[in-house]
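One structure is given below, encoded as structure tokens.
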Amino acid sequence: EADIYQTPRYLVIGTGKKITLECSQTMGHDKMYWYQQDPGMELHLIHYSYGVNSTEKGDLSSESTVSRIRTEHFPLTLESARPSHTSQYLCASTGLPGNTEAFFGQGTRLTVV
Amino acid sequence: AQTVTQSQPEMSVQEAETVTLSCTYDTSENNYYLFWYKQPPSRQMILVIRQEAYKQQNATENRFSVNFQKAAKSFSLKISDSQLGDTAMYFCAFMKPYFGNEKLTFGTGTRLTIIP
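Quick note, the sequences are listed as chains Y and G, same order.
The letter at position 6 of the first sequence is residue 6 when you use this note's numbering, and the numbering goes up by one with no holes.
The number in this note's numbering is simply the position in the second sequence, starting from 1, with 113 added.
Here you go:
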């Protein structure tokens, strides 16, 4: 079982609220990723990090921001949630170079009302 | 940029039968990795099988095997003796394994249902 955790699992929040989705891994992985996935649909990379103080935007434009102050922690923040942000957010990590398996958290299903 | 295409949005098969999921991809790279990931309902995404492009031999993991056709840029997944627990979304994915650029690109997924 993968040691990567996301909280909360489900979140319903009002428009305009600030939210932070948490992602932590205990595997010592340098690389971490955030994907956005609508139900039953493909995954879109929105942010990634190759290590502490390294963050990049992904292929899908997102109004969210991320930080990587510690290796194990990669939170995603929305300053002002909108209904268009309603989606599932998946966090993932990969290990050493050459170890290509990605480990995923259980996801956070966000609903903005 | 790499693209991954899964042309079968949904499939269903009787328990114990064999099913093949299709995946094609587009890249100009010569060295890369291909993956099949499984996402069961309300559960974590997990790796099913992995193929290195420089290996000609098709990868196999128990009941799961791939048919990797590099020239055709095709990467299909065969599930033999299908079980109810195989019901899930299956995603084909591509990765360029260069240090500092290991991003996974996913296909749109195939929803597989195993019928009892």
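No residue lacks a Cβ here, since even glycine has one placed at the ideal position from N, Cα and C.
Practice task
May I have a chain-ordered list of the beta strand (DSSP E) segments no shorter than 3 residues that lie completely inside the region 47-98 of chain Y?
Solution key: Those beta strand (DSSP E) runs which fall completely within the region 47-98 of chain Y and span 3+ residues are 54-57, 76-78 and 87-94.
Practice task
Alpha carbon to alpha carbon, how far is Q169/G from L110/Y? Give it in angstroms, no decimals.
Solution key: Rounded to the nearest angstrom, the two C-alpha atoms are 42 Å apart.
Exercise for the section: Return yes when the Cβ of K186/G is within less than 7 Å of the Cβ of T137/G, no when it is not. Expected result: Result yes, Cβ atoms of T137/G and K186/G sit closer than 7 Å.
Problem - Rounded straight-line distance, which links the Cα of G222/G to that of N144/G - result: Taking the straight line joining both Cα atoms gives about 23 Å.
Exercise for the section: With a threshold of 16 other CB atoms inside 10 Å of the CB of K151/G, please say whether the residue is buried or exposed. Expected result: A residue is called buried once 16 or more other Cβ atoms fall within 10 Å of its Cβ, and K151/G is buried on that count.
Handout entry: Helix, strand or coil at D3/Y according to DSSP, with G and I counted as helix
Key = Three-state DSSP puts D3/Y in coil, outside helix and strand.
Practice task
Out of G16/Y, G28/Y and G105/Y, point me to the one whose CA is closest to E63/Y's CA.
Solution key: The shortest C-alpha separation from E63/Y is found at G16/Y.
Exercise for the section: Check whether the Cβ atoms of S195/G and I227/G lie closer than 7 Å to each other. Expected result: A distance below 7 Å separates the beta carbons of S195/G and I227/G.
Practice task
Could you pull out every unbroken alpha helix (DSSP H) segment of at least 4 residues lying fully inside the region 132-171 of chain G, listed in chain order?
Solution key: Within the region 132-171 of chain G, not a single complete alpha helix (DSSP H) segment reaches 4 residues in length.
Problem - Cβ-based burial, L197/G [other Cβ within 10 Å; buried from 16] - result: L197/G should be labelled exposed.
Handout entry: Best match in K209/G, M208/G, P210/G and A201/G for proximity to W126/G [C-alpha to C-alpha]
Key = Note that residue 126/G is Val in the sequence shown here, rather than Trp. With distances taken between Cα atoms, V126/G lies closest to A201/G.
Problem - Under 9 Å by beta carbon: chain G residues contacting A81/Y - result: Neighbours of A81/Y on chain G: none; closest Cβ ~23 Å, over 9 Å.
Problem - Rounded distance between the beta-carbons of K31/Y and Y48/Y, thought under 8 Å - result: About 7 Å separates the CB atoms of Y48/Y and K31/Y; that is less than 8 Å, so the two are in contact.
Practice task
Quickly, what does DSSP pair A201/G with across the bridge? List them, please.
Solution key: Answer is L225/G, bridged to A201/G.
Exercise for the section: Establish whether the CB of E72/Y and some CB of chain G are separated by less than 7 Å. Expected result: False, the Cβ-Cβ gap to chain G never drops below 7 Å.
Handout entry: Reference L78/Y; option with closest CA among K57/Y, M27/Y, E101/Y and T20/Y
Key = Comparing Cα-Cα distances from L78/Y to each of K57/Y, M27/Y, E101/Y and T20/Y, the minimum goes to T20/Y.
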